[in-house]
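Numbering (the working numbering), first residue to last: -5 to 387.
Structure representation (structure tokens):
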């Protein structure tokens, strides 16, 4: 939970609400979104009933004022913060929020499309095509309109500062579009995996959600793999490879094998024309098996080393056995998986105890699977054909 100290005595006129919002921004370290965002809990700490009342210069507690404040706090906190951030003064801010409430415009309408100026002008001329231009389409006097093309453009650009998404542990289909991603630190090391580059990012604690049925992750630093277009492929093939590896890793992660790297989440971002696809897993702080060999070229054969080595070998074998013949109670149906690319670079090294830590399999981009029940059915069918042929002779 973020700790934001607010002045309650007069709210300190030297620091306006827009300045407070700006002061607590964090910069995204994600390569594609190097912009500032306001963490989720910080927004909740800043936008309080007292602050909203002061920002709109309410001097009395009327039913109308209370209803508007309740709407802002429950349904439109991000809309309100964006309106404040673009510099709307109290009277205009009040009229804006009344207009939004009366037209049922709330946070769930965000993000708004960022249009080019000429495209936006056409929307204002026609009164259609943009949510904010449509709100005041019936107003003939331009001087009475709150939303000018310039103000709409500014709102559309600044809204993203308050829309950084939450990554949910285990979720396979986050679609973040052009949102600013809440990674606050990028670590220098990078590795190349099958079909993509792996970078190491730390996520802001406000933006990671762990469902009750899931075990928390020990670290907020993750390995984030971006799936690249390789020679001769296209976006469609990249999407298929991404979906296949997600499905494989998410499935084998449910086997609860300590020697298989843990699936954290997956997400896509960008546009329909140029989508980007990412896979997030736990981070191996030691590197991979080859890195372990380099760091311990001639280790002394001590009991702890032997115990750790044998324990890891057994764990890896048991993990392989589990993915080759996973157990299921669903009508004896299970998927047999084959890793397909097991090598030192695809065995990660975690420095978490013992003589050297834990080894875990990763990078299931080449993994293949098939339904064992289908294979059994085919075997039974072939056996039946053989018996029929014998009887015919």
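Glycine included, each C-beta is placed from N, C-alpha and C at the ideal position. None of the values given here were measured: they were computed from a predicted structure.
Around residue 62, the same chain offers 91, 92, 95 as residues with beta carbons nearer than 7 Å, after the five sequence neighbours per side are excluded.
At a Cβ-Cβ threshold of 7 Å, residue 175 and residue 217 do not count as neighbours. DSSP places residue 154 within a helical segment (H, G or I) once states are collapsed to three. Taken through DSSP and simplified to helix, strand or coil, residue 262 comes out as strand. DSSP places residue 287 outside any beta strand (DSSP E); the residue lies instead in the alpha helix (DSSP H), whose first and last residues are 283 to 289.
Residue 343 places its beta carbon 7 Å or farther from that of residue 266.
Counting the other Cβ atoms within 10 Å of the Cβ of residue 58 gives fewer than 16, which makes it exposed. Contact check for residue 104 against residue 157 passes: the beta carbons are separated by less than 7 Å.
Its chain contains 127, 143 as the residues whose beta carbon lies nearer than 7 Å to that of residue 118, once the 5 sequence neighbours on both sides are disregarded; these appear in chain order. The beta-carbon distance between residue 99 and residue 73, rounded to whole angstroms, is 7 Å. This is short enough to meet the 8 Å contact definition. In the structure shown, residue 128 adopts helical secondary structure according to DSSP, grouped into three states. Exclusion of the five residues before and after residue 301 leaves 348, 349 as the residues of its chain whose Cβ lies within less than 8 Å of its Cβ. The alpha-carbon separation between residue 248 and residue 12 amounts to approximately 46 Å. About 5 Å separates the CB atoms of residue 190 and residue 219; that is less than 8 Å, so the two are in contact. Under the 10 Å beta carbon count, residue 318 is surrounded by fewer than 16 other beta carbons and is classified as exposed. Here residue 196 is near residue 215, since their CB atoms are less than 7 Å apart.
In this model, residue 223 and residue 30 are separated by some 29 Å (Cα to Cα).
The secondary-structure analysis by DSSP pairs residue 271 across a beta bridge with 262.
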